[in-house]
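Residue numbers (the numbering used here): 5 to 554.
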């Protein structure tokens, strides 16, 4: 299958030959910020000591993207346009369009997260729609007369992408006592034996700074527990979930109720878990803006690192580093709740393999997550080995990747409302913007005009932060410890309930409101949390109003 840049080359060449429309976010970002490509000599000039110079050099070049390096002058202009806000009396220029020129008008129905990038060509919208069809497809087990849709499992968590990413938004946890786990699943790993050989990533990091937590998949259950199986095979487990509610007193005589979840892997289908097994609950995050996040220069992300808290602000973000099998090299982690995946294509392929049991060129085993200890599972029929080679071939994976890259970020609602502006000021004063970084400018990319050179407002630094014991899953992932999570992007968060039918937040959906999500913050965010607890109720309400406008 040709790369996306090949089968779109004619359209891209035409698009790049045209000037940006006057008054557009892309054109004005050009005036303000210059070129948005990133290399260590440009946007990465401030790389901290969190990674060694060798590692920073290896990650900052974004070898998986076809990016044009920025000059020193352009980098200076990028820093100017992405500087933190200081005037909260009015919205900043283009703040209402968080996805830059790709931003779409906010819809008032459940399709708000399902729109293509606004700056997409008509012909590319056709590709987007075909990718959407694959994303919404319900897969069936093999053998089947519908060869294009068979290959489900043998073990799986869902029969399609939309089952977890509800209307392209976030999943939510099942209620206690539910028969099925739904969009929530459990990741699993065990401590690596002391004499276990180092993986490629572990060896790479150990030679540089030793910054990796060693863990391995469970020898029987693999790296993810599947609660569903094709006919004739037992599922791996049944999810048990209970909640304990407790009050959190707030200023002004208010009280918030939080719920603390407890998880259990019940009715194990293949024997006990390995000693020391670590379980991590996950619900699917929203899909919007992924291509824009992928286009943020790694150098700009690494420049925010402060692992030793050299500036004394209590915030010590760290980059995760993952091994990219496609390129055979380390890359900056951006996606997943612990930034454990580097590219949108790998994110799609990993989800097909782990969640649905569908093989692809990046994960070619037709039995999906079945381990060698699950012999009957590996021997079950699957959909690989025909003319496609894998159950979703390279062409299909490219289409799903294109779709995933181009799910547009909706426009802000009422950014100039006085309560919203007050809430924005509180957001900064409280310290939220230290991790939820408002702005970036993306690379200038050849072959990806929708993501190229956009001023975006994702409200994330894409770094790992210690979030305290209350949110810890105690399961490491590459460089991430059991207390660290990637800063979640906030764009679109105010539309969560409208899109998915429920407003639940955090990695496992435990928070039932934005205030609950804030109150679960600890660790590096503990000081900000305490400020929210102590602030006047009117300021808390304004803060929530601001978040709802994103």
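The beta carbon of each residue, even a glycine, is placed where N, CA and C say it ideally should be. Source: prediction; values computed, not measured.
Check whether the Cβ atoms of residue i and residue j lie closer than 7 Å to each other.
{"i": "residue 398", "j": "residue 386", "result": "no"}
{"i": "residue 519", "j": "residue 70", "result": "no"}
{"i": "residue 400", "j": "residue 138", "result": "yes"}
{"i": "residue 106", "j": "residue 121", "result": "yes"}
{"i": "residue 434", "j": "residue 532", "result": "yes"}
{"i": "residue 280", "j": "residue 194", "result": "yes"}
{"i": "residue 465", "j": "residue 308", "result": "yes"}
{"i": "residue 291", "j": "residue 411", "result": "yes"}
{"i": "residue 341", "j": "residue 286", "result": "yes"}
{"i": "residue 499", "j": "residue 116", "result": "yes"}
{"i": "residue 408", "j": "residue 355", "result": "no"}
{"i": "residue 316", "j": "residue 326", "result": "no"}
{"i": "residue 154", "j": "residue 144", "result": "yes"}
{"i": "residue 490", "j": "residue 468", "result": "yes"}
{"i": "residue 210", "j": "residue 324", "result": "no"}
{"i": "residue 460", "j": "residue 186", "result": "no"}
{"i": "residue 494", "j": "residue 463", "result": "yes"}
{"i": "residue 302", "j": "residue 427", "result": "no"}
{"i": "residue 284", "j": "residue 479", "result": "yes"}
{"i": "residue 198", "j": "residue 246", "result": "no"}
Using the beta-carbon count (16 or more within 10 Å), is residue i buried or exposed?
{"i": "residue 553", "result": "buried"}
{"i": "residue 8", "result": "Bear in mind that a pLDDT of 39 at residue 8, under 50, signals an unreliable position, so the number given afterwards is only what the model happens to contain. When all chains shown are included, residue 8 counts as buried."}
{"i": "residue 331", "result": "exposed"}
{"i": "residue 558", "result": "Residue 558 falls outside the range modelled here, since the chain spans only 5 to 554, and no answer is possible."}
{"i": "residue 163", "result": "buried"}
{"i": "residue 74", "result": "buried"}
{"i": "residue 339", "result": "buried"}
{"i": "residue 149", "result": "exposed"}
{"i": "residue 3", "result": "As displayed, the chain neither begins before 5 nor continues past 554, which places residue 3 out of reach and without an answer."}
{"i": "residue 270", "result": "exposed"}
What are the boundary residues of the alpha helix (DSSP H) that includes residue i?
{"i": "residue 546", "result": "541-553"}
{"i": "residue 537", "result": "530-538"}
{"i": "residue 195", "result": "Here residue 195 belongs to no alpha helix (DSSP H); instead the beta strand (DSSP E) covers 188-195."}
{"i": "residue 501", "result": "500-504"}
{"i": "residue 349", "result": "348-355"}
{"i": "residue 244", "result": "First-last for residue 244: 242-253, but that is the beta strand (DSSP E), not the alpha helix (DSSP H)."}
{"i": "residue 296", "result": "294-298"}
{"i": "residue 520", "result": "518-523"}
{"i": "residue 304", "result": "302-306"}
Straight-line CA distance for residue i to residue j?
{"i": "residue 232", "j": "residue 78", "result": "52 Å"}
{"i": "residue 132", "j": "residue 403", "result": "7 Å"}
{"i": "residue 189", "j": "residue 457", "result": "36 Å"}
{"i": "residue 537", "j": "residue 158", "result": "48 Å"}
{"i": "residue 248", "j": "residue 177", "result": "15 Å"}
{"i": "residue 362", "j": "residue 383", "result": "15 Å"}
{"i": "residue 87", "j": "residue 134", "result": "39 Å"}
{"i": "residue 436", "j": "residue 272", "result": "41 Å"}
{"i": "residue 19", "j": "residue 455", "result": "Confidence at residue 19 is low in this model, with a pLDDT of 28, below 50, so the placement of that residue should be treated as unreliable; the coordinate-derived value is given next. Looking at the two C-alpha atoms, the distance is approximately 13 Å."}
{"i": "residue 470", "j": "residue 486", "result": "9 Å"}
{"i": "residue 415", "j": "residue 294", "result": "16 Å"}
{"i": "residue 506", "j": "residue 376", "result": "39 Å"}
{"i": "residue 310", "j": "residue 528", "result": "12 Å"}
{"i": "residue 5", "j": "residue 65", "result": "Model confidence at residue 5 stands at a pLDDT of 35, short of 50, so the residue's coordinates are unreliable and nothing is read from them."}
{"i": "residue 80", "j": "residue 102", "result": "22 Å"}
{"i": "residue 256", "j": "residue 237", "result": "56 Å"}
{"i": "residue 172", "j": "residue 130", "result": "18 Å"}
{"i": "residue 175", "j": "residue 207", "result": "35 Å"}
{"i": "residue 543", "j": "residue 430", "result": "7 Å"}
{"i": "residue 321", "j": "residue 474", "result": "18 Å"}
{"i": "residue 513", "j": "residue 76", "result": "43 Å"}
{"i": "residue 222", "j": "residue 443", "result": "40 Å"}
{"i": "residue 136", "j": "residue 368", "result": "22 Å"}
{"i": "residue 395", "j": "residue 452", "result": "27 Å"}
{"i": "residue 274", "j": "residue 381", "result": "11 Å"}
{"i": "residue 96", "j": "residue 551", "result": "16 Å"}
{"i": "residue 343", "j": "residue 335", "result": "11 Å"}
The beta strand (DSSP E) with residue i in it runs from where to where?
{"i": "residue 78", "result": "First-last for residue 78: 76-85, but that is the alpha helix (DSSP H), not the beta strand (DSSP E)."}
{"i": "residue 263", "result": "259-270"}
{"i": "residue 234", "result": "Run containing residue 234: none; DSSP gives neither H nor E here."}
{"i": "residue 333", "result": "333-336"}
{"i": "residue 129", "result": "Residue 129 -> not in any beta strand (DSSP E); alpha helix (DSSP H) instead, spanning 126-140."}
{"i": "residue 468", "result": "468-470"}
{"i": "residue 283", "result": "282-287"}
{"i": "residue 328", "result": "325-328"}
In the segment 148-209, which residue ranges form an unbroken beta strand (DSSP E) of at least 3 residues, counting only runs that do not cross its ends?
188-195
Enumerated in chain order, which unbroken segments of the alpha helix (DSSP H) with a length of 4 residues or greater are wholly contained in the segment 379-440?
379-383, 398-409 and 422-434
Complete runs of the beta strand (DSSP E) confined to the segment 440-489 [at least 3 residues]
468-470
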